[in-house]
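Our numbering puts the first residue of the sequence shown at 404, with every later residue one more than the last.
Glycine included, C-beta positions come from ideal geometry on N, C-alpha and C.
Read the structure below first, then the notes.
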Amino acid sequence: MLRQLYIKNFTLIDELDISFRPGFSVITGETGAGKSIILGALQLLLGQRADSKQIKAGCSKCVVEAHFDLSHYQLEGFFTENEIDYEAEDCIIRREVNASGKSRAFINDTPVSLTVMRDLGNQLIDIHSQHQNLLLQKEDFQLEVVDIIANDQKQLQAYKKAYSAWLSARKDYEAFAEQCKKNRENEDFLRFQFGELDKAKLIDGEDEELEQQSNTLSHAEEIKSALYEASSALSAEETGCESLARKASERLNDIADVYSEVKDTAARLDSLYIDLKDIAQEIDNRLENIDFDPQQLETINARLDLIYSLEQKFHAESVSELLQQQQQLAQQLESIDNGDDKLQALQKAADEAYAHCLEAADQLTIVRKQAAKTVEQEMLRRLVPLGIPKVRFAIDFSQRDCSPTGRDKIAFLFSANSSTPLSPIAQVASGGEIARVMLSLKAMISGAVKLPTIIFDEIDTGVSGRVAEKMAQIMREMGDNNRQVISITHLPQIAAMGTTHYKVSKEETSEGTISQMRMLTDEERIREIAQMLSGSDITDAAIANARTLLQQSMKHDA
Numbered sequence: 404m405l406r407q408l409y410i411k412n413f414t415l416i417d418e419l420d421i422s423f424r425p426g427f428s429v430i431t432g433e434t435g436a437g438k439s440i441i442l443g444a445l446q447l448l449l450g451q452r453a454d455s456k457q458i459k460a461g462c463s464k465c466v467v468e469a470h471f472d473l474s475h476y477q478l479e480g481f482f483t484e485n486e487i488d489y490e491a492e493d494c495i496i497r498r499e500v501n502a503s504g505k506s507r508a509f510i511n512d513t514p515v516s517l518t519v520m521r522d523l524g525n526q527l528i529d530i531h532s533q534h535q536n537l538l539l540q541k542e543d544f545q546l547e548v549v550d551i552i553a554n555d556q557k558q559l560q561a562y563k564k565a566y567s568a569w570l571s572a573r574k575d576y577e578a579f580a581e582q583c584k585k586n587r588e589n590e591d592f593l594r595f596q597f598g599e600l601d602k603a604k605l606i607d608g609e610d611e612e613l614e615q616q617s618n619t620l621s622h623a624e625e626i627k628s629a630l631y632e633a634s635s636a637l638s639a640e641e642t643g644c645e646s647l648a649r650k651a652s653e654r655l656n657d658i659a660d661v662y663s664e665v666k667d668t669a670a671r672l673d674s675l676y677i678d679l680k681d682i683a684q685e686i687d688n689r690l691e692n693i694d695f696d697p698q699q700l701e702t703i704n705a706r707l708d709l710i711y712s713l714e715q716k717f718h719a720e721s722v723s724e725l726l727q728q729q730q731q732l733a734q735q736l737e738s739i740d741n742g743d744d745k746l747q748a749l750q751k752a753a754d755e756a757y758a759h760c761l762e763a764a765d766q767l768t769i770v771r772k773q774a775a776k777t778v779e780q781e782m783l784r785r786l787v788p789l790g791i792p793k794v795r796f797a798i799d800f801s802q803r804d805c806s807p808t809g810r811d812k813i814a815f816l817f818s819a820n821s822s823t824p825l826s827p828i829a830q831v832a833s834g835g836e837i838a839r840v841m842l843s844l845k846a847m848i849s850g851a852v853k854l855p856t857i858i859f860d861e862i863d864t865g866v867s868g869r870v871a872e873k874m875a876q877i878m879r880e881m882g883d884n885n886r887q888v889i890s891i892t893h894l895p896q897i898a899a900m901g902t903t904h905y906k907v908s909k910e911e912t913s914e915g916t917i918s919q920m921r922m923l924t925d926e927e928r929i930r931e932i933a934q935m936l937s938g939s940d941i942t943d944a945a946i947a948n949a950r951t952l953l954q955q956s957m958k959h960d961a
């Protein structure tokens with residue numbers, strides 16, 4: 404849960420360093436005092452887009468840093484997965500925004516992406532503002548509520564796996580069917596192309612070998628002349644290299660016994676003589692094999708012309724590429740000849756995958772409907788004390804085609820009295836009723852997901868008196884069991900129920916307007932609640948009333 408919040412140079416906040424406590428806390432202050440600024444700073448830690456306008460005028464950057472206690476929330480796996488040091492009792496999340504609008508994010512001093520920061524932040528804080536009431540219009544939110552209460556991750560994952568397998572099987576079938584259609588439309592052309600390549604009897608790599616042979620035959624006379632001259636230079640009787648090396652070797656060997664210094668040189672000459680003799684023999688052999696054969700050259704060039712023509716026609720650069728295209732054409736023709744059988748097999752596989760998907764969807768629907776009954780009963784239990792004594796709440800199920808979340812299409816139906824029919828909640832509930840419904844849903848969900856910190860931003864809109872007190876009691880109960888609930892409120896009945904009370908105020912200084920926030924003492928709480936009751940002129944009656952509200956809050960604790 405949130406233990407400490409530090410904000411520097413953020414909009415109207417010069418510097419704020421404030422501690423938070425477990426349980427139910429309240430934040431009060433006049434409109435425009437800066438409560439929304441506190442929330443804006445926290446939103447940065449949840450990965451919200453940064454804006455240079457958020458930096459206090461005259462400053463180069465702003466910093467928002469929060470310390471969390473994660474001891475009771477089994478989040479170590481997240482840190483291991485993202486290679487971040489895990490500090491259970493003091494997890495530090497920090498965001499810095501500079502004047503260019505660029506920002507940096509850190510978790511326990513490790514730089515992280517905004518995606519990672521957002522993933523962790525969403526597991527630590529839920530900020531419920533008035534616009535979140537619009538979620539009741541969204542079917543996916545309503546389905547998510549049911550899934551949370553159903554605890555159906557096992558069934559949901561099994562369905563998603565089956566759904567993905569069906570999509571894949573259907574895609575394979577549709578792709579092959581489309582390919583078969585195109586192949587049949589082009590069958591004559593495909594067979595003609597394959598016939599050309601097949602008739603050529605191409606051999607991989609033959610183009611390079613034929614080009615070398617053609618080059619050799621085209622320069623046969625030049626090659627033969629060069630080989631003859633090289634052979635003469637090596638093998639001439641008196642003047643050839645081979646003869647001279649042999650003579651030099653013999654003369655050195657003659658004196659080797661009396662002049663040992665030439666033994667190594669003589670040995671090197673012997674080796675040179677052997678090499679020259681081998682080279683001369685190799686050249687002579689090649690000389691015998693070189694003959695200009697016009698007919699062979701014509702045959703080779705004709706084969707190359709055929710290969711070059713095919714390469715141009717098929718937009719290929721080698722025989723290897725031509726053979727690849729021949730293989731592809733063979734496969735396309737095979738799919739034409741045997742396509743119906745394969746298409747039937749793919750259709751069968753897709754049908755079986757769809758049947759399995761439907762079966763998994765049915766299992767998911769079963770657990771969702773069981774959970775829906777629990778939600779209906781729980782919502783009635785919570786809404787009646789909140790000033791809607793004749794409330795009716797139901798979850799309507801209808802079926803649709805398979806989707807990423809199943810086949811269930813659900814709607815929250817609501818009626819505030821017995822005389823009006825149940826209708827989709829967003830169409831018939833007033834603002835105050837929607838606020839109470841959302842609070843009841845959040846209270847129910849929070850117990851299932853064990854979210855460390857929940858912040859309600861003026862959820863009390865449209866309610867007052869006894870209903871506000873009941874809403875405060877719900878939030879206070881949510882604050883139990885290692886959870887932290889913070890409510891930003893304008894209602895004294897809710898403010899009095901907080902175990903900790905913070906006030907946001909605005910002050911005019913020589914450097915401009917600044918916002919501040921501090922924890923109130925017991926006496927300061929009395930005056931703050933009295934002011935909420937009576938306005939700027941605090942009366943004795945308002946103070947007495949404030950004391951009474953706080954005393955009732957203490958009795959609630961007892």
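Could you check the C-alpha separation between residue i and residue j for me, to the nearest Å?
i, j, result
"Asn948", "Glu490", "45 Å"
"Ser617", "Ser634", "24 Å"
"Val787", "Ser956", "21 Å"
"Ser723", "Asp607", "5 Å"
"Thr483", "Lys853", "21 Å"
"Ser506", "Leu478", "25 Å"
"Thr916", "Gly432", "15 Å"
"Glu880", "Val888", "9 Å"
"Ala502", "Phe423", "30 Å"
"Arg689", "Ala639", "18 Å"
"Gln802", "Glu762", "14 Å"
"Lys906", "Thr434", "12 Å"
"Thr892", "Pro514", "35 Å"
"Ser939", "Ile416", "24 Å"
"Val548", "Gly850", "12 Å"
"Thr823", "Phe796", "12 Å"
In terms of residues, what are the limits of the beta strand (DSSP E) holding residue i?
i, result
"Ser428", "426-431"
"Ile458", "Ile458 -> no beta strand (DSSP E), and no H or E assigned at all."
"Asp811", "809-818"
"Gly915", "915-922"
"Gln407", "405-413"
"Tyr529", "Note that residue 529 is Asp in the sequence shown, not Tyr. Element bounds for Asp529: 528-531."
What residues in its chain sit with their C-beta under 8 Å from that of residue i, if we drop five residues either side in the sequence?
i, result
"Cys760", "Tyr562, Ala565, Tyr566, Ala568, Trp569, Cys805"
"Gln729", "Phe597, Leu600, Asp601, Leu605"
"Ile941", "Arg930, Ala933, Gln934"
"Ala453", "Leu447, Arg498, Val500, Gly504, Lys505, Ser506"
"Ile686", "Leu630, Ala633, Ser634, Leu637"
"Leu449", "Met520, Arg521, Gly524, Asn525, Ile528, Ile530"
Sorted by chain position, which residues of the same chain lie with C-beta nearer than 6 Å to residue i's C-beta, five sequence neighbours on each side aside?
i, result
"Ile828", "Leu539, Phe815, Phe817"
"Glu426", "It is worth fixing the name first, because residue 426 is Gly in this sequence and not Glu. Closer than 6 Å at Cβ, skipping near neighbours: Gly882, Thr902."
"Ser428", "Ile889, Gly901, Thr903"
"Ser821", "Lys793"
"Tyr676", "Ala648, Arg649, Ser652"
"Gly809", "Tyr562, Ala764, Leu767"
Considering just the uninterrupted stretch of the alpha helix (DSSP H) at residue i, what are its terminal residues?
i, result
"Val722", "722-786"
"Pro514", "No alpha helix (DSSP H) holds Pro514; the beta strand (DSSP E) holding it covers 513-515."
"Thr483", "479-484"
"Thr619", "609-621"
"Phe579", "556-588"
"Glu679", "Note on residue identity: the sequence assigns Leu, not Glu, to residue 679. Where Leu679 is concerned, the enclosing alpha helix (DSSP H) stretches over 666-692."
"Val852", "834-852"
Using a Cβ-Cβ cut-off of 7 Å (strictly less than) and excluding sequence neighbours within five positions of residue i, which residues of its own chain qualify?
i, result
"Gln735", "Asn586, Leu593"
"Asn511", "Ile487, Asp488, Glu490, Cys494, Ile495"
"Leu672", "Ala648, Ala651, Ser652, Leu655"
"Glu781", "Met847"
"Ala636", "Gly643, Cys644"
"Ala659", "Val665, Lys666, Ala669"
"Leu749", "Asp575, Tyr576, Phe579"
"Ser463", "Asn501, Ala502"
"Leu679", "Leu637, Cys644, Glu645, Ala648"
"Ala436", "Val907, Ser908, Lys909, Ser918"
Rounded C-beta distance between residue i and residue j? I'm assuming under 8 Å.
i, j, result
"Thr864", "Ala838", "6 Å"
"Met841", "His531", "7 Å"
"Met404", "Thr856", "5 Å"
"Leu732", "Ala603", "Actually they are not in contact, since the Cβ atoms of Leu732 and Ala603 sit about 13 Å apart, beyond 8 Å."
"Leu442", "Asp860", "6 Å"
"Ala758", "Ala572", "Wrong, their Cβ atoms sit about 11 Å apart, outside the cutoff."
Flag this pair as touching only if the region 550-558 and the region 757-776 have three or more C-beta atom pairs under 8 Å; answer yes or no. Remark: three or more beta-carbon pairs, one from each stretch, lie closer than 8 Å, so the region 550-558 and the region 757-776 are flagged as touching.
Between the region 844-859 and the region 917-927, are three or more C-beta pairs nearer than 8 Å? As far as the Cβ criterion goes, the region 844-859 does not touch the region 917-927, which means the pair count is below three.
Does the region 461-475 come close enough to the region 404-411 to have 3 or more Cβ pairs within less than 8 Å? The region 461-475, when compared against the region 404-411, does touch it at the 8 Å Cβ threshold.
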